[in-house]
Every structure is written in C-alpha cells, then in structure tokens.
Amino acid sequence: MENQHTADLELSLQTRIKEVLGNSLHIRHVDAGSCNGCDFEMMALCNPVYDVQRFGIDFVASPRHADMLLVTGGGTRHLEVALQKTYAAAAAPKMVVAIGACACGGGVVGQSYANTGGIDRIVPVIVYVPGCPPRPSAILAGILLALDKLAACRAAGF
Amino acid sequence: MFEILRKIWQTGTVTKRQPLAEAAGKYRGKIELDAAKCNGCRDCVGICPSGALSGSSDRPQIIIEHHKCVFCGSCADNCEQRAIKMTNQCYLEAKDKQDLIARIEVSGEKCG
Ligand code: SF4
Ligand code: SF4
Ligand code: SF4
C-alpha cells in the first residue's frame, strides 16, 4: 500500500535520482541574504505534506556532503564570500539552484552596493526557480529539472 | 498521550501522493499580458516594485522578466485596459534565464 501511495512521483523523481547520482540526493541550503520566505517554503519540503525524504532527498548540514546547493537571497555583500566558500567546499557535481526572485534576479531588493542582484553573478547557476517565494512543489520541480541538466552534462562528458 | 493519539488518528494521512499538483485557483502566479488589449501606456512599468517590467521609449514593446517578478499583482490591479492578469501558473523553473524574459509587441497607439 505504501508503494502504491507514492508511485507517481517515485517514478519521475526517485528513479531519476538513482539514474543520475547513484543513490540519493543531498542538498545544502545556502542563505545568501534572503528574507526567510524562500527558506520556509524550502523547509516545508520536509514536512509531512511534501515529505521529500521518502524520495531519497535530504537536507544536510555540510556542503562537503551535498550534491546540490539550494541558494536563496540576492547575494548580499556580507554573504558573497560565504557563498563562494560553500560552493568551493561542495562535492562535485556542484549543482546550484537559485530559489526565489531574489536569487534569480534581485527581486524587490534589486542590484545595489549591498546586493549583487542575482546569485549567478557569484556562482554558476544550473536552474532558476522564480517566485517570491516559490511554492514547495515548484522547488521540487526545479530540483527535477536540475537532475535533467546534470544527466545531459554527464552524457556530454563534462 | 491518549489525546495526541486520538488527534493523529482523526487527522489521518496528510502526505500528498503527487506533490507536483496545480496551485489553488486564487494563487498569484505568472503574469500574462494580452498584447491586443494593451495600449502601451506603461503604467505597469512605473508601478512594478521589482523592475520586472520594462519598455523602451522608441518602440511599443513591453518586456517581462519573470525571474524578477514577485507576484504582487500591482500591475494587474492598476492596468486600466485590464491587459495584465495573474494566472495560477507556479511552475516557472528554467535552465536558462533568457527563457524567462518575454518581449511582447503591443499595439501602442498611445505609446510615447
Ligand atoms: S524571493 Fe521573496 S521570499 Fe524569497 S528571499 Fe526574496 S523577498 Fe524573500
Ligand atoms: S499592460 Fe496595461 S498598464 Fe501596462 S502598458 Fe499595457 S495598458 Fe498600460
Ligand atoms: S506582479 Fe508585481 S512584480 Fe510582477 S510584474 Fe506585476 S507589478 Fe511587477
């Protein structure tokens, strides 16, 4: 019964994770100066409603354990170096997914002396998930798209 | 203890079988611009708090940068032509930022 319950998304997500990464997907969340709206939506992925841990996705504490960085916030001056260091510490393949309007293009904060206006100015981004904040399901769709892109990179020999 | 067990029993399963479901009808998602209705007055450009809308003064064109939009709905509320509306489309993820930028040619009689 449990298998039947989750069959739909398992097909698209869990098998995809197994294909691309071998086993499970570990994510490190990086806050690059967000208002916490996006962070709450992201953490909602672990609540009983979405429960992404059943698909083999887990949020880990160290970037060294992570395959993917979910970055929120527009990259403020204080957190620019932190983001660069986290990116350098992450295990390859380093997949960076920009979550929210701030991370994608500055959002309401825009680009200024204190805000980079999009984290793709600091680290390479593989998938953009717009929204302020995006719904948890939209974040999940972004993760799925990032796996596609990674598979394409692998096939091309990078 | 017994009370908690009773509540758990009453609540039942809340986990969504398919999390990638459509958003609620009233959800403010991607904006949609109807080029036929829009007259190019650019009120929406002025009101947008995140600079997601723009237009150049020499041609009747509105540029929507969906990755900057914060779904506030100000543009839809203030457009006198009712040319912009909010949809409940929430799946906007893209590999390339260029896919999120829409350039819409409008009729623009009043443009300028
Ligand atoms: S995109 Fe919106 S919710 Fe997310 S960090 Fe920026 S302001 Fe906050
Ligand atoms: S969408 Fe509405 S407010 Fe914006 S330029 Fe067109 S008519 Fe003017
Ligand atoms: S919904 Fe708000 S942020 Fe988005 S384009 Fe309209 S005014 Fe700008």
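Protein chains in written order, with the numbering used here: chain D, 475 to 632; chain A, 1480 to 1591. Each residue gets a CB set at the ideal place from its N, CA and C atoms; glycine is no exception. On a predicted model such as this, the values are computed, not experimentally measured, just so you know.
Next on the checklist: Tell me the DSSP secondary structure of Arg538 of chain D in three-state form.
Outcome noted: helix
Checklist entry - Measuring from the CB of Ile1543 of chain A, is there a heavy atom of ligand 2 at a distance below 7 Å? => result no
Next on the checklist: Check for me: the alpha helix (DSSP H) holding Met517 of chain D runs from which residue to which?
Outcome noted: Gly511 to Met517
Item to check | Distance between Thr560 of chain D and Arg538 of chain D (C-alpha atoms, nearest Å) | outcome: 9 Å
Checklist entry - What are the boundary residues of the beta strand (DSSP E) that includes Lys1564 of chain A? => result Ile1563 to Met1565
Next on the checklist: Among the candidates D:Leu624, D:Gly547 and D:Arg551, whose CA atom is the shortest distance from the CA of Gln516 of chain D?
Outcome noted: It is Met, not Gln, that sits at residue 516 of chain D in the sequence shown. Checked all of D:Leu624, D:Gly547 and D:Arg551; the closest Cα to Met516 of chain D is D:Gly547.
Next on the checklist: With three or more beta-carbon pairs closer than 8 Å as the criterion, would you say the stretch 592-603 of chain D touches the stretch 519-536 of chain D?
Outcome noted: no
Checklist entry - Does the beta carbon of Val1585 of chain A come closer than 8 Å to any beta carbon on chain D? => result no
Checklist entry - Quick one, which residues of the stretch 580-599 of chain D are near chain A if we go by CB-CB under 7 Å, in chain order? => result Gly580, Gly581, Val582 and Gly584
Next on the checklist: Can you find the residues in the same chain that come closer than 6 Å, C-beta to C-beta, to Asn589 of chain D, ignoring five residues on each side of it along the sequence?
Outcome noted: Gly548, Thr550 and Val583
Item to check | Residues of its chain near Val1524 of chain A, where Cβ-Cβ distance is below 8 Å and the 5 sequence neighbours each way are ignored | outcome: Leu1532, Ser1533, Gly1534 and Ile1541
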